[in-house]
Every structure is written in structure tokens, then in C-alpha cells.
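**Student:** Residue 147 in numbering that gives the first Met the number 0 sits at position 148 of the sequence shown, with consecutive numbering throughout.
The structure follows.
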Amino acid sequence: MHRKIVMEMKGRVKRLLPFCLFAFLPLPMQGQHLLTLDSCRAMSLRNNKQLGVSQLKQEVAANLRKSARTKYLPHVSAMGGYMFSSEEISLLNSTQKGALSNLGTNAGGMLQGLGTGMMTQMGDLLGQMGVPAEALQQMSADMQQQMQQSVGQVVPPLNAAGQRIVDAFRTDTRNIFAGSVMVTQPVFMGGSLIALNRLADLNEQLVSHSADARRQAVMYATDQAYWQVVSLKHKKRLAESYLALVKKFDHDVQRMIAEGVATRSDGLSVSVKVNEAEMAVQKVNDGLILSKMLLCQMMGLPMNDTITLADEDAENLAVVALQPQMDVEQAVSNRPEIKMLDSSVGMTKQVTNILKAGNLPQVALMGGYMVSNPSLQNGFEKKFRGCWNVGVLVRIPIWNWGDVAYKVRASKGATAIANLEMQDVREKIELQVNQNTFKVEEANKRLTMAQNNIEKANENLRTANLGFSEGVIATTVVMEAQTAWLQAQSQLIDAQIAVKLAHVELRKAVGDL
Numbered sequence: 000m001h002r003k004i005v006m007e008m009k010g011r012v013k014r015l016l017p018f019c020l021f022a023f024l025p026l027p028m029q030g031q032h033l034l035t036l037d038s039c040r041a042m043s044l045r046n047n048k049q050l051g052v053s054q055l056k057q058e059v060a061a062n063l064r065k066s067a068r069t070k071y072l073p074h075v076s077a078m079g080g081y082m083f084s085s086e087e088i089s090l091l092n093s094t095q096k097g098a099l100s101n102l103g104t105n106a107g108g109m110l111q112g113l114g115t116g117m118m119t120q121m122g123d124l125l126g127q128m129g130v131p132a133e134a135l136q137q138m139s140a141d142m143q144q145q146m147q148q149s150v151g152q153v154v155p156p157l158n159a160a161g162q163r164i165v166d167a168f169r170t171d172t173r174n175i176f177a178g179s180v181m182v183t184q185p186v187f188m189g190g191s192l193i194a195l196n197r198l199a200d201l202n203e204q205l206v207s208h209s210a211d212a213r214r215q216a217v218m219y220a221t222d223q224a225y226w227q228v229v230s231l232k233h234k235k236r237l238a239e240s241y242l243a244l245v246k247k248f249d250h251d252v253q254r255m256i257a258e259g260v261a262t263r264s265d266g267l268s269v270s271v272k273v274n275e276a277e278m279a280v281q282k283v284n285d286g287l288i289l290s291k292m293l294l295c296q297m298m299g300l301p302m303n304d305t306i307t308l309a310d311e312d313a314e315n316l317a318v319v320a321l322q323p324q325m326d327v328e329q330a331v332s333n334r335p336e337i338k339m340l341d342s343s344v345g346m347t348k349q350v351t352n353i354l355k356a357g358n359l360p361q362v363a364l365m366g367g368y369m370v371s372n373p374s375l376q377n378g379f380e381k382k383f384r385g386c387w388n389v390g391v392l393v394r395i396p397i398w399n400w401g402d403v404a405y406k407v408r409a410s411k412g413a414t415a416i417a418n419l420e421m422q423d424v425r426e427k428i429e430l431q432v433n434q435n436t437f438k439v440e441e442a443n444k445r446l447t448m449a450q451n452n453i454e455k456a457n458e459n460l461r462t463a464n465l466g467f468s469e470g471v472i473a474t475t476v477v478m479e480a481q482t483a484w485l486q487a488q489s490q491l492i493d494a495q496i497a498v499k500l501a502h503v504e505l506r507k508a509v510g511d512l
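Written out as C-alpha cells, the structure reads:
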């Protein structure tokens, strides 16, 4: 019975043991990130400020292109204004105004003069006929009185009528209100509108290619920083392994010194190697910290954040020696720098077309509605009245002292400069592709040689340790073998990273990054 209880307790302990071990495992640190190369690239692209500027430039270029499209469409504008003048416009001068205002008075004087003359002639005629003088005087007085009464009745109405005429001719233009709505439709602008829209399209393409070039540069810099961290992490592990190796060797030498087999000079030499190995570990550790800080800054993470790269703890970097396929024409067609220069050449040509349009006729249709107060449709009226209007505007340049011709020549010179720059960059890209192809081939050769040297260095170290343990090899030979093993391991890491970076540089050279 007692044995059965013990067996059950052992079974329970076996079942709980995995959970207990899991509970005592160290938890991941707060803020630690495991990052692959692709994730580092993505974070760098999101964080890069210049890429943000490039995106804003693309939006600006797109809006400029849309703005250029609106030049084909009719434009509507409205205008209004008010003007106060101290004097109004007068259609009559002062003499004419005075004559019209005294129209009745002037007419009465004329009638009185005419009546007096008529009565004088009539009196002379009646006197010759024998009419007495007293009768003639009485009759003249009666007629004079009647005429004055008639003139007195005619003068005020005529003066009032004349004043109304004067008032009717008043413009009252001291306060002027005016407004208009105008529609303008371009018909022919000498080809400037077509060139302007093509220029906007090329500018948008130029900004887009510039953003691609910036994106490739960010990815290339991220890859360099990533593989730098991986290289230093592997070298740190190598330095720690070398430190452990020389410490073990130092322990063996110290024991042999105690037994009288080795000399104290041998012990001091090995101790110096231990110190050098410790300094190497510290140096590579500092470099690793700085490289991670740089990578964090590029990705937008806090520089003291703890990150772990997917390839830094790998035993083997899985480097495949790929044979590069050189295609210069593909590189030229893919490189954003060539596309940018090609867009620049096209832009200079469109600028030339815009300048040439300055010597060509321009035709536009115009129409609108205009309103004013005072209005003129029914004389000068203190009312708001308006009217519709349509028309054609034609502009024909005649003489400008060769201004447009000089500008066209300057623009053609800019086009020639852009073509030369594009040819120069094309040649440099061809050279860059050839150089990077050669670098890939050299990196592959270095990797093969480093792998062969590893086997020899391992065998040399094994043989030296065996001979030292047998007492047939001196400590200096062992230390030389250890140094050779360290150099071989370091060269292998450098060769593996060189292959990675050479492939990245080649992809960037051919525009495929």
C-alpha cells in the first residue's frame, strides 16, 4: 500500500514538472522586438522624413496637374465696384442750362418786342388813314396791357418746361455702382495650353521617380545597417568564443607552470592574449550597441530600445553564391535617375513650346452680363439696369524685339544640357552595373576561400591543441593557431556579409531594389 502511494506521487510530479519548468523560464524583456529584414525596411520607409516630403511633393504635383487641366475649361469671374466723384458728368454747359431755365422769360421778351413793333406799324398805318392821335394812344395802351397779361401767363410754364429739360439731362454720376459677370473660353492659345498640361504630367512623373529613388536609397541604407548589426553580433559571439578558448588555454598553461612543465614567460604571453581577447569583446560590443542605435533611429524606434534581428543569432547566414546576370539596358530602363532625367528633358521641351506660343495668335470667346447704376439703357436713370454681351478676343503679337526668340534659344540650350546629363548618367550607370557585377563575383570567390580556410584553421587548431597536450608543441604555436582560427572565422563572417551587401548593391544598380 505504501509503495502504491509513492508511485502515484511520482506520477503527479512527472505531470507537473513541465509546468514548473515553464514557470521558471525567463520572460521576454519589455520593449524587445524581433525584426526581420523586411520589417526593418518597412519601418524605415514609414519613418523616413524625406519620404514623407516626397509623398507631399507627389500630392503637390498631382494638384498642379489637375490645375493645368482646368485651363481648357471656361472660367467665370464676377466683378463689382463703387466710385464717388465730387462732380458729376454734365451733358450741357452752363450757358445752355441758363438758356433752358429762362426759356419763358426769353420768349416773353421776344413776344413783347414783336408786339411793340407791330403796334408801331399799325399806328402809323391808322394815322395815315386819319384816325385821331388820342384814339391811337388809347388803343396802343390797351393792346400793350393785353400783351403783358398774355406774356405773364406764358413765361412761368415755359421756364418750368426749360428747367425740366435741364433736369432731364442731369447724369447724377457722383455715386456710381457697377458689376459684371464674365465667362471666358479659350479657343486657341498658340499650343501653350497643351504644352502646359504635358509639362504638368512630366512634373508629376519626375516627382514620382524622385520618390522611387529616395525609397531605394532608404532601403539600401537599412540593409547596410541591418547586416552591419548581424556582422557585429556574429563577431561578438566569435570574440566571446575566442576569449573562452584563450582562457581555457591560460588555465592549462598556469597548471603546467605549477607542474614545472611550462615557463612563466609562456604564462605571461597567454595572459596578454587573454587581455587582448577581452578588449576585443568590449570593442565589438560597443560597436554593436552603436549599430543598433543607428538602426533604431532609422526605423523610428527609441535608440535605447532593445531589438533582436532575425539573422543575428543564426548559426549560418544561409548565403547562396548567386551568379549575377548583367543587363545594362534593363538597368538603364529601371533606374529612377534615368527616368528623372528623361522627364527633365521632356519638361524643357514643353517649356520651349510654351515660349513659342508667345509669337502665335490667341483667340478666346467672351460673354457676360453687366449692370450699373446710373444706367444708360433709358437715358441716365438712377436705377440698376443691365444687359448681356458676347464677343471674340483676338491677340496677335507683331513686334517684341526678338524677346520670344531669345527665350526659345535659351530653353533649347537647357534641353541640350539635360540630354548631355542623361548621357553622362547612362554611362555612369553602365560602369556601376559592371563594377557591382564584379563585386558579386569577387564576394563569391571570397566566400569560397573563407569556407576552405575554416576547415584548415579548425584542423590546424585541433592539431596544435593535441600537440600541446602531448608536450611536443610550444605555447606560441598554439597561440598562432588560435589567432589563425580567429582570423578565419572573422573572414568567413565578413565574406558572408559581403555577399549579402554585394547582392543588394547589384539590385540597386539595376534598379530592382
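Cβ atoms here follow ideal geometry from the backbone N, Cα and C, with glycine treated the same way.
Remember, predicted model here, so these are calculated numbers, not experimental data.
Mind checking whether Gly390 and Met365 have CB atoms under 8 Å apart?
**Tutor:** It is a contact, given that the beta carbons lie within the stated cut-off.
**Student:** Taking the DSSP output, what are the residues bridged to Thr183?
**Tutor:** Thr183 pairs with His74, Met365.
**Student:** Closest to His502 by C-alpha separation, out of Asn435, Ala473, Thr447, would be which residue?
**Tutor:** Of the listed residues, the one whose Cα sits closest to His502 is Asn435.
**Student:** DSSP three-state label for Glu314, please.
**Tutor:** Coil.
**Student:** Hey, how far is the Cα of Leu354 from the Cα of Asp200?
**Tutor:** Answer to the nearest angstrom: the Cα atoms are 18 Å apart.
**Student:** What would DSSP say about Gly401, mapped onto helix, strand or coil?
**Tutor:** Correct three-state label for Gly401: coil.
**Student:** Thr414 and Thr305: beta carbons closer than 8 Å?
**Tutor:** Cβ atoms of Thr414 and Thr305: not closer than 8 Å.
**Student:** When DSSP labels each residue in this structure, what does Leu293 get in the three-state scheme?
**Tutor:** Note: Leu293 maps to helix in three-state DSSP.
**Student:** Taking C-beta to C-beta, are Leu308 and Tyr219 nearer than 8 Å?
**Tutor:** No, Cβ-Cβ distance for Leu308 and Tyr219 is not below 8 Å.
**Student:** Excluding the five sequence neighbours on either side, which residues of its own chain have a C-beta within less than 6 Å of the C-beta of Pro185, listed in chain order?
**Tutor:** These residues qualify, in order along the chain: Ala363.
**Student:** Which residues in the same chain as Asp310 place their Cβ atom closer than 7 Å to its Cβ, once the five residues preceding and following it in sequence are excluded?
**Tutor:** Within the same chain, Asp310 has close Cβ partners Val229, Leu316.
**Student:** Return the CA-CA distance between Gly466 and Asn457, expressed in angstroms with no decimal places.
**Tutor:** Roughly 14 Å separates the two Cα atoms.
**Student:** Please state whether DSSP places Arg263 in a helix, a strand or coil.
**Tutor:** In this structure, Arg263 counts as helix in the three-state DSSP scheme.
**Student:** With DSSP as the reference, identify every bridge partner of Gln376, one or two as the case may be.
**Tutor:** The partner list for Gln376 (beta bridge, DSSP) reads Gly378.
**Student:** Closest by CA to Trp484, which one among Leu500, Pro373, Val245, Cys386?
**Tutor:** Nearest option by C-alpha distance: Val245.
**Student:** Skipping 5 residues on each side, what residues in its chain have a beta carbon closer than 6 Å to that of Lys438?
**Tutor:** Same-chain partners within the cutoff: Ala501.
**Student:** Given that a residue counts as buried once 16 or more other Cβ atoms are within 10 Å of its Cβ, and exposed if not, what is Met478?
**Tutor:** So Met478 ends up on the buried side.
**Student:** Which residue wins for smallest C-alpha separation from Gly51, given the options Asp37, Ser207, Leu491, Leu99?
**Tutor:** For Gly51, the nearest C-alpha among the options comes from Ser207.
**Student:** What did DSSP end up calling Met302 once you bin it into helix, strand or coil?
**Tutor:** Coil at Met302, not helix or strand.
**Student:** Looking at Ala449: is its Cβ nearer than 8 Å to the Cβ of Gln490?
**Tutor:** Their beta carbons are under 8 Å apart, which means Ala449 touches Gln490 by this criterion.
**Student:** With which residues is Leu308 paired in a DSSP beta bridge?
**Tutor:** According to DSSP, Leu308 bridges with Leu34.
**Student:** Count the other C-beta atoms from every protein chain shown that fall within 10 angstroms of the C-beta of Asp211, then say buried if there are 16 or more, exposed otherwise.
**Tutor:** Answer is buried; the Cβ neighbour count reaches 16.
**Student:** When you compare only the Cα positions, how much space is there between Leu293 and Met42?
**Tutor:** Rounded to whole angstroms, Leu293 to Met42 spans 13 Å at the Cα level.
**Student:** In terms of alpha-carbon separation, which member of Ser89, Val165, Ala61 lies closest to Leu99?
**Tutor:** Selected option, being the one with the closest Cα: Val165.
**Student:** Verify whether the separation of the beta carbon atoms of Val280 and Thr474 is less than 8 Å.
**Tutor:** Cβ atoms of Val280 and Thr474: not closer than 8 Å.
**Student:** On the DSSP bridge list, what partners appear for Tyr81?
**Tutor:** Beta-bridge pairing links Tyr81 to Phe176.
**Student:** Leaving out five residues before and five after Leu512 in sequence, what residues of the same chain have Cβ atoms less than 8 Å from its Cβ?
**Tutor:** Contacts found: Gln215, Met218, Tyr219, Val503, Arg506.
**Student:** Given that a residue counts as buried once 16 or more other Cβ atoms are within 10 Å of its Cβ, and exposed if not, what is Tyr534?
**Tutor:** In the structure as shown, the chain begins at 0 and stops at 512. Residue 534 is therefore absent and cannot be evaluated.
**Student:** For Thr395, which of Val471, Ala60, Gln376, Gly357 has the nearest alpha-carbon?
**Tutor:** Sequence check: residue 395 is Ile here, not Thr. Of the candidates Val471, Ala60, Gln376, Gly357, the one whose C-alpha sits nearest the C-alpha of Ile395 is Gly357.
**Student:** Do Ile492 and His233 have their C-beta atoms within less than 8 Å of each other?
**Tutor:** Closer than 8 Å, so yes.
**Student:** Can you tell me where the beta strand (DSSP E) holding Leu392 begins and where it ends?
**Tutor:** Element bounds for Leu392: 384-394.
**Student:** Do you know whose CA, among Glu328, Leu44, Ala494, lies nearest Leu446's CA?
**Tutor:** Checking every option, the nearest Cα to that of Leu446 belongs to Ala494.
**Student:** Could you give the distance in angstroms between the alpha-carbon of Gln422 and the alpha-carbon of Asp285?
**Tutor:** Going by the C-alpha atoms only, they are around 45 Å apart.
**Student:** If you reduce the DSSP assignment to three classes, tell me which class Val370 lands in.
**Tutor:** Residue state, collapsed to three classes: strand.
**Student:** The alpha helix (DSSP H) that contains Thr69, what's its start and end?
**Tutor:** Element bounds for Thr69: n/a, residue is neither H nor E.
**Student:** Could you give the first and the last residue of the continuous alpha helix (DSSP H) run that contains Phe248?
**Tutor:** Element bounds for Phe248: 191-258.
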